[in-house]
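One gets this note's numbering by counting positions in the sequence shown from 1 and adding 895 to each.
We treat Cβ as the ideally placed atom computed from N, Cα and C, and that holds for glycine.
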Amino acid sequence: MAGKVTFFDSSTSFSSNRNPQGFQPASPDIPRFSPLAKARHELDGSAQAQDQISRCFNKLRSLRPSDSATLKTELNLLFDQLISENYSTGNHDNIQPEVVCEMLMHASRLVPLSQEHLIIKLCQLIHQLLNQLQVIVDEHTLDVLVSYCSRALRTCSSWTHPEVLLALSSLVYGNGSRCHRHLPELLGPSGILVSYGDPSQPDIELRRSAVHCIANLCLSVPGQPYLEEPYKGVCYGILLRTLQSPKPPDVEDIIFCTLLQSALKGMQYFLNGGKWKGVPNQDLGTLLAVLKRFMFYGLPGISVEMPQVLYPAPLPQYETVPAAKPEPSQDSSVQKKTAGSQQNKKRKSRGKGKKAGAEGKKDGEEGDGDHISGLLKTGGGGVDQSGWSLGSPSVSVTSQSGVTPQLYPSWKKGSSDSEFSDPEGGMQSKIRLYQARVRQSALQCFLAVVKCVEKRILYGYWSSFVPDAPGIGGPPPLTLLTIALKDPSPKVRAGSLQVLSALLEGSRQFLSTAEDTSAPRQAFTPFSATLAAGVRELHRCLLLALVAESSCQTLTQVLKCLAHLVSNVPYNRLRPGLLSPLWKQIRPYVRHRDVNVRVSSLTLFGALVSTQAPLPEIQLLLQQPGSASTLGTPGISTPQELSHNWRLPARRDGEVSSPGVGAEGAPEGPCWLLQLCVSLVTLPREEPYSDSDAGGSSGASLEPSPVRLEALQVLAHLVKGYFSLAQTSLLELGQLSARCLTEQDASVQLHGAKLLEELGTGIIQQYRADANTTPQSAKCVPVSQVVEFWSEVLGGPLISALQNEQHPTLQTSACDTLSSILPQAFSQLPDKTQVLCITILLGLTYSENSLVKAAAVRALGVYILFPCLREDVMFVADTANAILTALDDRSPNVRAKAAWSLGNLTDTLIVNMQSVGLEFQEEFSDMLLLNMLRSATKASGDKDRVKSNAVRALGNLLHFLQPVHLGKPVFEQPLQEAIRALIDTVRGDATMKVRWNACYALGNAFRNHNLPLGSAVWSKEAYSALSHVVTSCKNFKVRIKSAAALSVPSTRDRYGDVHQFAEVWRALAQALEHSEETEDFLEYRYCASLRSQLCRALLHLLSVCQPDDLQALRSSLSDQSRPVLRGFLVHYISDKGASLAAGVDGADEAADHLVPEDGLMVLNETLTRLKGPLEEAVLDSGEDLKTVVGFLEDVVRSFEEIKESDSKDSFLTLSKSSQQKRK
């Protein structure tokens, strides 16, 4: 099979003046090519090799097809010379792909199909050139040579077919879609590859070569189409049947392993060709059963009897794992060894074992000797794995000779069990190596399945590959964790962990149902408990793998897999205690000798402190005392030594060790993880680690860059999730970030800026949460300290980062950092510092880079809300001009940020209107206000990301307009266009968030008493749009906001004429009557809030109605609707309804508009008005008035009856309790 390939464009033209470095392609109309123009004595090895190739090619090109014996002899010599060359060396890098294609096509014309020996050599040359030179042939050459190979397979003797198929496999590598003319001949009903690749083919060499050819046909090069149907399905069927067929009795194990490898590789290529489609002849359960079988193929101590099909189910599949039986072809010679012979052999091959161990580590396919000593020292970390023992040292020692392979991992055995000095043992080792490659290929194929199949489908087979409970009293289940713990090959173990990581990645929604906090049920086990048990088993098995593993590559995969697990498990729904053992085990690996292990351990720490933060268990672990060993003892690789050392109390600079935790549980000093990460970023290494560190550090004495970057990420996660623990080191972290910003490495600078942003955000959130509880709590960072922190930061390299145009990404991050300053602290900064921040941000809004511009506009949108800046008319005007300029930018991201900032700016206008009054409104420019209105109206027709905030800004601007503005003719048309934009957005098909904002904006505009609401032409359309939404929108939150907008007008004249008022009343009544009807079950959580808001709106309309409106009210209170409306109104005016409307049971959307007043009081006031002044004014509407009054009196009467009934029940309950106390 070809390895990495060099792509060749078939459209490349050949001209006579083309002189590529090396030599020119041969053609009848161009001169012969020659070697590089160098003197003979200056030709090095590369030039000599190219000279020989060029001479062979020139001689080959000069030959003409004939039947003479001379031609046959010359071809034999030329082919032998070309085949004898090693093209994989660097001496042939200058050979052009087009030269190779031209030479092979000319050679195919010289070799007739009758000369079978020459055909064999030509096929060998094709395979060697294409593989070693990594060439993919062009379309014309592909057509010629594939036709030649097909004819050879049809006419030549069968003994030549394996070589022809090998050449064909090299030709079609990555060219499956371009072989469409030959696919019927190769993969048709009577195709060559179909007949040779069928499991019934007796010649195993032909079958293996055909399957290899099919696998290369399935490979698709990026940017090219995949193999088309039905040939893709034909390939799948042949590959699947190959994997399902048993090993023929007369076939050697190694040959059969290579066949399985080709089939699995072909299946992997097939799966990489697009998303999985469940067609009838491609069953996922069948494929998974086959892959699971080969994941354990040849694994010592396990004999798998797998079902033919795996079915999706939440419970484990039925598997039988019989006791390990001697296998004559693999382990019989090993198992027949006596204890004495093993000891003798161990004495003889002790020196040889060290050499073999070193070779095994380098190759990566055999077990490592370090596993043995590590296991015997630790005894498995004190955790027992059912089915194989990682128990006490004494048991482990005796296991080397006495225990069965199922109870003791074969890769944990001593050198006497895994090394062979006789030929038979060498063959067994080779067989095991090939079997390990089969298992590795099966895992790679399974990884392709995980990537191409939807996760929701794949999770149905979860229990077939992930354990849900330890195997107590029986054989352990065969899962991915079995491979990770028992397979002797580090690469296979790493492959199983890669598959498990892919399964866990993005599984948060699936695992969110896991729960075991409640008491266990006796009758049945719910799926949530089963899933929770599986999560616990995953933690246990991965901890075992972490303790037992010594291969650095595999250890890295264990840590990455744990990070994926931690990131997706709902620990708040599980009993605490899962994270503490993991936390203690990974602490030593931060100082591991391998840099990748150190980075992965820090990644795992980052996942621990970021998942569902803050978790109480993690909070307690962070407050534990630090360790001198883990902070300052690099290079130790054995977890056992480190796990012993880190438990010792920390000593600092000769101080006496202390517990480190105060009486109240708060840490006396900084968090140990914070100290560790700071030391990894700043302190020099005490000694070199492994060779993998080379070239990876930003400084000669510091940690490698990946370690430092990961430590900075952990600090950012720690600050974000557990700011209360990090705030004691606020100034120290600020200095660390400033140091990072001064370094040359752009990645370190970015992470330093990100840490600064998280620190600022943590301070803001602390004050925001504290404002909702108690004023100025002692838990908050003092404002004086925050001012000191930002003074040092802004006086350092952050300003330089903001002005560094060479690194726009750094500028973007610095803008985000600048927007995270606490408003209370910003007002206390020196004036020149404030002006500097504002000036830089205003200047960056005109940056050519869209990311920088978007970040600067967003930062200004944050600053405009600062109390110390929002009343500054000049700053508001400058910010508004910058935002309006950005709102016309070509980048959608810039326009979205500008619209958000414009919404914040208009919020500031409303706040200033209420707090400052006319003074601010008079100083604010009318032309600027007009431009803002026009720009917001234009933006309301943009994409939804822009539109959602543009309509919010329109609502604020319409609320802000004063009579002095409305009286100017220049405002007339923009006003109508703005209202029209809001109406169109409410009625449109935009996202629900946009329509929600549009309804809110209309309600905001209705609050402006200066607008001619009720008399203007657009009033009817606005009310009609809101009435339509409140009755027909599928989203209840949009309905709630539209009902709130309809209840905003405070007087009757603002509702328009009688017909308009009647339309609004009927819409609200109809919406209330059908408020429980919805197609989406998720909307039911907003039903109570919707009913409360509708009832409030109806009562508001009743409170402002006039005599002319009574007829419409009476018609809506028909016999069918009356009891329904009465029931809802009674429920609303009761205490329960009021509490619901205040924000309980998902009523937050109603609560953010206005907390409902006492409904009974409004009802009584309405009845008093209807019976008093309004009754005297009614002449012809006496029946209408009686109907409305009667309805309201029924509501009051029903409410009084319910209240009286509740009082009696309360009295009886109190009486019973008092009697029980007397007894």
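Asked                                                                                                                                                                : Found
Bridge partners of N1899, per DSSP?                                                                                                                                  : Paired residues: none, contrary to the question.
Is it true that the CB of L1024 sits closer than 7 Å to the CB of L1066?                                                                                             : no
Using a 10 Å radius around the Cβ and a threshold of 16 neighbouring Cβ atoms, would you call E2099 buried or exposed?                                               : exposed
Helix, strand or coil: which one does DSSP assign to S1115?                                                                                                          : strand
Mark D962 as exposed unless 16 or more other C-beta atoms lie within 10 angstroms of its C-beta, in which case mark it buried.                                       : exposed
Starting from the Cα of K1189, find the closest Cα among L1081, Q1027, G1092, T1374 and give me that residue.                                                        : Here the sequence assigns Phe to residue 1189, which means Lys is not the residue at that position. Minimum Cα distance to F1189 is reached at T1374.
Return the first residue and the last residue of the alpha helix (DSSP H) that P1703 is part of.                                                                     : 1703 to 1713
What separation, rounded to the nearest whole angstrom, lies between the Cα atoms of V2083 and S1945?                                                                : 21 Å
How many Å lie between D1884 and L1977 at the Cα?                                                                                                                    : 20 Å
Hey, could you find the ends of the alpha helix (DSSP H) F1422 is sitting in?                                                                                        : 1422 to 1443
Got a sec, what are the start and stop residues for the alpha helix (DSSP H) A1983 sits in?                                                                          : 1982 to 1999
CB-CB under 7 Å to V1943, same chain, minus the five flanking residues each way: which ones, in chain order?                                                         : G1898, F1901, R1902
Threshold first: 4 residues or longer. Then list the alpha helix (DSSP H) segments lying entirely within the region 1897 to 1942, N to C.                            : 1912 to 1927, 1931 to 1941
From A1611 to L1705, what does the alpha carbon distance come to, in whole angstroms?                                                                                : 16 Å
Identify whether E1200 lies in helix, strand or coil by the three-state DSSP scheme.                                                                                 : strand
Helix, strand or coil for N1070 per DSSP?                                                                                                                            : strand
Output needed for T1036: all residues of its chain with C-beta closer than 6 Å, excluding positions within five of it in sequence on either side, in chain order.    : C996, M1000
To the nearest whole angstrom, what separates the beta carbons of L1736 and W1685, a pair I think is in contact under 8 Å?                                           : Between W1685 and L1736 the Cβ distance is about 15 Å, and since that is not below 8 Å, they are no contact.
Do you know offhand how far A1749's Cα is from S1574's?                                                                                                              : 35 Å
Would the region 1121 to 1128 and the region 1056 to 1076 be scored as touching if the rule is three or more Cβ pairs under 8 Å?                                     : yes
Under 6 Å: does the beta carbon of L1853 sit that close to some heavy atom of the ligand MG?                                                                         : Absence of the ligand MG is noted for the structure shown, with no ligands found whatsoever.
With 16 other CB atoms within 10 Å as the buried threshold, where does M998 fall?                                                                                    : buried
Check each candidate in S1104, E1100, V1348, T1181 and name the one with the smallest Cα separation from G1132.                                                      : T1181
Where does P1601 land, buried or exposed, given buried means 16+ other C-beta within 10 angstroms?                                                                   : buried
L1569 and L1636 look like a contact to me (Cβ under 8 Å); what is the Cβ gap, rounded to whole Å?                                                                    : Not really, about 19 Å apart at Cβ, beyond 8 Å.
Output the boundary residues of the alpha helix (DSSP H) element that contains A1750.                                                                                : 1745 to 1758
Go to A1772, then tell me how far its alpha helix (DSSP H) extends in each direction, as first and last residue.                                                     : 1768 to 1781
Hey, could you find the ends of the alpha helix (DSSP H) D1802 is sitting in?                                                                                        : 1787 to 1810
Could you give the distance in angstroms between the alpha-carbon of F1931 and the alpha-carbon of L1985?                                                            : 7 Å
I'd like the list of long-range same chain contacts for H1077, defined as Cβ closer than 6 Å, with 5 residues on each side in sequence excluded.                     : V1041
Given this structure, state the Cα-to-Cα distance separating Y1121 from K1170, to the nearest angstrom.                                                              : 12 Å
Is the beta carbon of L1996 sitting closer than 7 Å to the one on T2061?                                                                                             : no
With a threshold of 8 Å on Cβ separation, who are the neighbours of S1419 within its own chain once the five nearest residues in sequence on each side are excluded? : This sequence places Phe at residue 1419; Ser is not what is there. Nothing listed; no residue qualifies.
Are there 16 or more other CB atoms within 10 angstroms of the CB of T1801, so buried, or fewer, so exposed?                                                         : buried
Going straight from the alpha carbon of L1516 to that of R1470, what length do you get?                                                                              : 16 Å
If distances are taken between C-alpha atoms only, which option among R1334, L1731, S1104, P1511 comes closest to G1616?                                             : P1511
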